[in-house]
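Protein chains: 2
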Amino acid sequence: MSELSAQERIKIAATKVFTLKGLEGARMQDIADEANINKAMLHYYFRNKKQLFEIIFEEKLHKIFGAMELLIFSKDAFENRIRAFVEKQISIVLEFPVMPIFVMLEVRKNPELLEGKFKNIPLDVIRDNFRKVIDAEVMSGNIRRISLEELLMNVMSLCIYPIIAEPILKYVLDLNQESYFELIEARKKSVSDLIINDLKILK
Amino acid sequence: MSELSAQERIKIAATKVFTLKGLEGARMQDIADEANINKAMLHYYFRNKKQLFEIIFEEKLHKIFGAMELLIFSKDAFENRIRAFVEKQISIVLEFPVMPIFVMLEVRKNPELLEGKFKNIPLDVIRDNFRKVIDAEVMSGNIRRISLEELLMNVMSLCIYPIIAEPILKYVLDLNQESYFELIEARKKSVSDLIINDLKILK
DNA sequence: GTCTATAGGCGGATAGAC
DNA sequence: GTCTATCCGCCTATAGAC
Chain F
1 MSELSAQERI KIAATKVFTL KGLEGARMQD IADEANINKA MLHYYFRNKK
51 QLFEIIFEEK LHKIFGAMEL LIFSKDAFEN RIRAFVEKQI SIVLEFPVMP
101 IFVMLEVRKN PELLEGKFKN IPLDVIRDNF RKVIDAEVMS GNIRRISLEE
151 LLMNVMSLCI YPIIAEPILK YVLDLNQESY FELIEARKKS VSDLIINDLK
201 ILK
Chain U
1001 MSELSAQERI KIAATKVFTL KGLEGARMQD IADEANINKA MLHYYFRNKK
1051 QLFEIIFEEK LHKIFGAMEL LIFSKDAFEN RIRAFVEKQI SIVLEFPVMP
1101 IFVMLEVRKN PELLEGKFKN IPLDVIRDNF RKVIDAEVMS GNIRRISLEE
1151 LLMNVMSLCI YPIIAEPILK YVLDLNQESY FELIEARKKS VSDLIINDLK
1201 ILK
């Protein structure tokens, strides 16, 4: 912990506190405590709360969309790319389950957060490429006709929701930590199976 | 608006503000403004912020789990029950898309929120019944072997995530309000199809 | 029941010593 | 770079008039 620079420790601490409490609910004192640092130092390294928040938020956004590039620029077979993406996506969310909740909520509070934060991520290129990949598979008769939108919604839903909703699912299904975790691990395969079986049903 | 009682208007206003801002981020003044009422009146009708919050939270929880009972106590064929549940679930979440995000986040902040709030909802009965229904279908050879846990995670994911993640999905997929809404409407059918096709693949 | 005024405390931000 | 002390505004909560 202490071998990290002050900046690093602050950012890690701020991520923890902001993701749980949100911009307005977070206390600078909590972040300072979590980082094992003086409250005044937060203002030394980052001018104010808002600025610290925006830096954290932007980093998290890039992490999320980084995985999507991986899905596009592989040369593997379509089915394998789906499998790789599902595994990667589940692993990323498992690292920090509150993060997607945090992003979804903050974006609703403040829609401008999305705008202009994507200079480096070419979403249009990713979309175009992925549509071409899907169309090629459809043309070859490998998969049924499906839109990029529907496929992506399905995959993202099945990967992300069961992890972000952990406390509720554990409660509703009466699961302990261990069996919940086994279920999620098994999903790295079963989600791909579900998606791929759906694609292979030719209509 | 004004034909509603003060209590009712406060609760509606508080729901709006709390779901977006969370317990700590919400301002009593914002709730008062939203309810078109004096700030002092909030404390007249509800002793304090925490108590107002808990009342709202509990109501939302019951709304979520109310839909699950509907899934169990129908006498319709299994496939139709799935279809009915998916439609109902999507409709409920569409009514108030921030609500699941709010619940997921608050429960993570404060795990005790779940405990003791379910005197009236017999989760264990619902689980047992649903397991029996699934087992009967498996025995009759109608569906493949699947656990309650996996099935529920899949259905909930596909219904809830695309709605709570609306702003992100619209941005990533470059959708306008209209085409996004069409996609979600179409999911009332396509999600059921996906789930049912998966169940019918006998392994 | 409704409203104004104000108490009281918390939290972000800064000044300034070291 | 680090820490203490402190300012000041904001927000919950209540007192008390009507």
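Heads up: the protein sequence lines correspond to chains F and U, in order. The first sequence begins at 1 in the working numbering and counts up by one. The second sequence begins at 1001 in the working numbering and counts up by one. Every residue, glycine too, gets a C-beta built ideally from N, C-alpha and C.
key: Chain-ordered residues of the region 1025-1047 of chain U with a beta carbon less than 7 Å from chain F   = Gly1025
task = In the DSSP assignment, find the alpha helix (DSSP H) that holds F/Gly205 and state where it starts and stops.
result = Absent from the structure is residue 205 of chain F, since the part of chain F shown begins at 1 and ends at 203.
key: Complete alpha helix (DSSP H) runs within the region 1082-1142 of chain U (minimum length 4 residues, chain order)   = 1098-1109, 1123-1139
Endpoints, alpha helix (DSSP H) assigned at U/Leu1202 = Sequence index remark: in the second sequence, residue 1202 of chain U carries index 202 (1-based). Note, U/Leu1202: premise wrong, no alpha helix (DSSP H); not H, not E.
task = Output the boundary residues of the alpha helix (DSSP H) element that contains F/Leu175.
result = Working through the first sequence from its first residue, we reach residue 175 of chain F at position 175. That residue, F/Leu175, is in no alpha helix (DSSP H); it is neither H nor E in DSSP.
U/Glu1003: first and last residue of the uninterrupted alpha helix (DSSP H) it sits in = Here residue 1003 of chain U refers to the residue found at position 3 of the second sequence. First-last for U/Glu1003: undefined, no H or E at that position.
query = If you pair each beta-carbon of the region 1007-1021 of chain U with each one of the region 1055-1064 of chain U, do three or more pairs fall below 8 Å?
reply = yes
ask   = Would you report the Cα separation of F/Lys50 and F/Met28, rounded to the nearest angstrom?
value = For the purposes of this step, residue 50 of chain F is identified with residue 50 of the first sequence, where counting begins at 1. For the purposes of this step, residue 28 of chain F is identified with residue 28 of the first sequence, where counting begins at 1. Those two C-alpha atoms are separated by around 11 Å.
request  = Identify the contact partners of U/Pro1111 in chain F, using a Cβ-Cβ distance below 7 Å as the criterion.
outcome  = Reading the second sequence from its first residue, position 111 is the one you call residue 1111 of chain U. Neighbours of U/Pro1111 on chain F, chain order: Pro167.
query = Any C-beta of chain F sitting closer than 8 Å to the C-beta of U/Pro1122?
reply = Stepping through the second sequence from its first residue, residue 1122 of chain U is reached at position 122. Output row for U/Pro1122: interface = no.
ask   = Less than 8 Å separating the beta-carbons of U/Ile1082 and U/Ile1163?
value = Residue 1082 of chain U sits at position 82 when you count from the first residue of the second sequence. Residue 1163 of chain U sits at position 163 when you count from the first residue of the second sequence. For U/Ile1082 and U/Ile1163, no; Cβs fall outside 8 Å.
DSSP three-state assignment for U/Ile1163, whether helix, strand or coil = The residue you call residue 1163 of chain U lines up with position 163 of the second sequence. Helix at U/Ile1163.
Start and end residues, alpha helix (DSSP H) containing F/Phe53 = Counting from one through the first sequence, the residue named residue 53 of chain F turns up at place 53. F/Phe53 -> alpha helix (DSSP H) spans 49-72.
Contacting residues, own chain, Cβ-Cβ under 7 Å from F/Met99 (five flanking each side not counted) = Along the first sequence, one-based indexing puts residue 99 of chain F at 99. Counting only Cβ-Cβ distances below 7 Å, and skipping sequence neighbours, we find Thr19, Lys60.
task = Anything in chain F within Cβ reach of U/Val1103, meaning under 8 Å, just list it in chain order.
result = For the purposes of this step, residue 1103 of chain U is identified with residue 103 of the second sequence, where counting begins at 1. Going along chain F in sequence order, the residues near U/Val1103 (Cβ under 8 Å) are Ile168.
request  = With 8 Å as the limit, tell me which residues of the region 1124-1138 of chain U have their beta carbon closer than that to any beta carbon of chain F; keep them in chain order.
outcome  = Asp1124, Arg1127
message = Please report the straight-line C-alpha distance between F/Met153 and U/Leu1173, rounded to a whole angstrom.
response = Stepping through the first sequence from its first residue, residue 153 of chain F is reached at position 153. Stepping through the second sequence from its first residue, residue 1173 of chain U is reached at position 173. Approximately 10 Å between the Cα atoms of the pair.
message = Using 8 Å for Cβ pairs, my map puts F/Leu105 next to U/Leu1169. What's the rounded Cβ distance?
response = If you number the first sequence from 1, residue 105 of chain F lands on position 105. If you number the second sequence from 1, residue 1169 of chain U lands on position 169. Not confirmed; about 15 Å, so no contact.
task = Could you list which residues in chain U have their beta carbon closer than 7 Å to that of F/Leu20, in chain order?
result = Mapped onto the first sequence, residue 20 of chain F falls at position 20. Simply Arg1108, Lys1109.
key: F/Leu71 beta carbon less than 8 Å from that of F/Arg144   = What you label residue 144 of chain F is simply residue 144 of the first sequence in a count that begins at 1. What you label residue 71 of chain F is simply residue 71 of the first sequence in a count that begins at 1. No, Cβ-Cβ distance for F/Arg144 and F/Leu71 is not below 8 Å.
message = Could you compute how far the alpha carbon of F/Phe73 sits from the alpha carbon of F/Leu113?
response = On the first sequence, residue 73 of chain F is found 73 positions in, with the first residue counted as 1. On the first sequence, residue 113 of chain F is found 113 positions in, with the first residue counted as 1. Distance between the alpha carbons of F/Phe73 and F/Leu113 is about 27 Å.
query = chain U partners of F/Ser192, CB-CB under 8 Å?
reply = The sequence position of residue 192 of chain F within the first sequence is 192, counting from 1. Simply none; closest approach about 12 Å.
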